[in-house]
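Trainee:
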Amino acid sequence: MTDFLLTHNETMLTRKALGLEHGNSVNRNRVAVHNTGYDIGIAQRLVGKGYMVATPDRDFGSMRVFAVTAAGAKAIGKKLPPAHVVLPIAA
Numbered sequence: 240m241t242d243f244l245l246t247h248n249e250t251m252l253t254r255k256a257l258g259l260e261h262g263n264s265v266n267r268n269r270v271a272v273h274n275t276g277y278d279i280g281i282a283q284r285l286v287g288k289g290y291m292v293a294t295p296d297r298d299f300g301s302m303r304v305f306a307v308t309a310a311g312a313k314a315i316g317k318k319l320p321p322a323h324v325v326l327p328i329a330a
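In structure tokens, the structure reads:
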């Protein structure tokens, strides 16, 4: 069960990406963080855990965009609606 343990900051960034700041329903699946900001390290840790993926096609300027995986949503007790499921990039 320790696979699902997230720090407070990881949980908050995941919730922000899913649009859960002011409600309980997943209404998006993306979060933009500045490439030299505090949140970039959090997002990269979540990528390392398999709970987020980078979406470079959505990056803009110095902002890097990340999306939550199904495992990341599960880690905070949510299930991604089909419209928000992120498919891996084919190599």
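The numbering of the sequence shown is the working numbering, which starts it at 240 and goes up by one.
Even glycine gets a Cβ: it sits at the ideal position worked out from N, Cα and C.
As the structure is a computational prediction, the values presented were derived from the model and not from experiment.
(1) Going straight from the alpha carbon of V286 to that of A310, what length do you get?
(2) Check whether the Cβ atoms of V272 and V325 lie closer than 8 Å to each other.
(3) Judging by CA-CA distance, which residue of G280, N248, H247 and L257 is the nearest neighbour of A312?
(4) Tell me V307's beta-bridge partners as DSSP assigns them.
(5) Tell me the rounded alpha-carbon separation between A322 and N268.
Mentor: In terms of the structure at hand:
(1) The residue you call residue 286 lines up with position 47 of the sequence shown. The residue you call residue 310 lines up with position 71 of the sequence shown. Spanning the two alpha carbons is a distance of roughly 11 Å.
(2) Position 33 of the sequence shown, counting from 1, holds the residue named residue 272. Position 86 of the sequence shown, counting from 1, holds the residue named residue 325. Not in contact: V272 and V325 (Cβ atoms no closer than 8 Å).
(3) Within the sequence shown, residue 312 is the residue found at index 73, counting from 1. Per the Cα distances, L257.
(4) Indexing the sequence shown from 1 puts residue 307 at position 68. V307 pairs with M291.
(5) Residue numbering aside, residue 322 sits at position 83 when the sequence shown is read from its first letter. Residue numbering aside, residue 268 sits at position 29 when the sequence shown is read from its first letter. A322 and N268: Cα-Cα distance of roughly 9 Å.
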